[in-house]
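Following: one structure in structure tokens, then a few remarks.
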Amino acid sequence: MTAQKTSDSKSRLMLGVGTLASIIGIGGILYQSQKSELLDQQLMSIPQQELQPAIIEPSVPEAVIPEPFENSVTSEVQAKKQTLLPKLNQSDDFVRQRLLIMSGNKNLQTWLMTDDLLRRAASYLDGLARGVILGKIFPLSETKGQFATHRDDNTIWMNAGNYERYNATVVTILSIDMRLLAQMFHFSRPLLEKAFSELGYQPRQMDGIILTGLDNILAAPVIVQPIELTRESVVYRFADPSLESLSPLQKQLIRSGPENTQRLQKQALLLKNTLLDPNSED
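Each residue of the sequence shown is one higher than the one before, starting from 37 at the first, in this note's numbering.
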């Protein structure tokens, strides 16, 4: 009986740590286009300094992601589960192997070609919760092609053809089972809490950061009508002040297009709901 439970724990562990990957993947489209558009000198400007308070630091969000209820889990099995987790410093191979088993998408391999995966992930998620992009912390694959616009008399519009540049990233994210990721978030909590603690955060704050990052994705507006731009030198901005004042995260989701935004938001909502209701079978 104990062997069976241990086998079940190992099986679940093979899909662990992926909660971080899914959120990072959703946020990944942010950095991919930002770097490409800078090279093109045709980007939508993201003046982060204007979006962040100059003096007052925002409070760290707190929340509790409830533990799943398991009738048959004994203290012995729980102790064995802890021994299956590597130390944080030796967790890179552990993370890579299980994420690659979890999704066969080839783009995911590129995202994982770095070191200190969990530490980088914690920093990246911290940024997403604040609505900012930390592309240098967790570099992801770049989008293809150049940022495109078109003119109608004196009006500049964002070209809808740009949306296709993000399709590969979105498909990678959609290939991940959010329910399994939510389940394995709990199994890998000790590693994640350690990575966040090195940033000065408590477990409740880690939970709050993850949920806030998901909420920021869900709060991004879905724009189906043509988007007007303005241009200052080589820098493009949203002509609508309400769009230009959004966080970098939400502006990048807009650039990915309405369909991609809705698909990513669907995944984010599923992940959030499953994290908050781990025993739900819906």
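We put the beta carbon where it would ideally sit given N, CA and C, even for glycine.
Pairwise C-alpha distance: residue j and residue i
i, j, result
"R273", "V207", "27 Å"
"N315", "A218", "10 Å"
"L148", "S211", "16 Å"
"L136", "L144", "7 Å"
"I173", "V96", "20 Å"
"R225", "E178", "30 Å"
"K142", "Q133", "13 Å"
"D128", "H186", "44 Å"
"L228", "P294", "32 Å"
"D189", "L265", "13 Å"
"T35", "V260", "Outside the modelled stretch of the chain, which goes from 37 to 318, sits residue 35, for which no answer is possible."
"S233", "S281", "32 Å"
"P13", "P239", "Within the shown structure, residues of the chain are numbered from 37 to 318, placing residue 13 beyond reach of any answer."
"D151", "A184", "34 Å"
"W193", "L120", "53 Å"
"V258", "A275", "16 Å"
"D313", "V271", "44 Å"
"R267", "R215", "43 Å"
Buried or exposed by the 16-neighbour rule on C-beta atoms within 10 Å, applied to residue i
i, result
"T191", "exposed"
"A256", "buried"
"S278", "exposed"
"A196", "exposed"
"G181", "exposed"
"Q286", "buried"
"A241", "The sequence as given places Gln at residue 241; Ala does not occur at that position. The residue is buried, with at least 16 neighbouring Cβ atoms inside 10 Å."
"S139", "buried"
Beta-carbon gap between residue i and residue j smaller than 7 Å
i, j, result
"L307", "G249", "no"
"Y237", "S292", "no"
"P284", "I169", "yes"
"E103", "G244", "no"
"I209", "Q126", "no"
"R166", "A231", "no"
"V131", "L153", "yes"
"A158", "L247", "no"
"T297", "L289", "yes"
Element boundaries [alpha helix (DSSP H), containing residue i]
i, result
"V207", "203-210"
"Y160", "153-165"
"T266", "Element bounds for T266: not the alpha helix (DSSP H) but the beta strand (DSSP E), 264-268."
"M149", "Premise fails: M149 is in no alpha helix (DSSP H) and is neither H nor E."
"T179", "Neither: T179 is in no alpha helix (DSSP H) and is coded neither H nor E."
"V271", "Counting along the chain, V271 falls outside any alpha helix (DSSP H), though it belongs to the beta strand (DSSP E) covering 271-274."
"Q133", "128-138"
"K123", "Unbroken run through K123: none, as it is neither H nor E."
"L285", "284-291"
Residue i: first and last residue of the uninterrupted beta strand (DSSP E) it sits in
i, result
"D188", "185-188"
"I169", "No beta strand (DSSP E) contains I169, which DSSP labels as neither H nor E."
"I259", "Where I259 is concerned, there is no enclosing beta strand (DSSP E), given that its DSSP letter is neither H nor E."
"I192", "191-194"
Anticipated Cβ contact below 8 Å, residue i with residue j, distance rounded
i, j, result
"Q301", "I253", "6 Å"
"F221", "L311", "6 Å"
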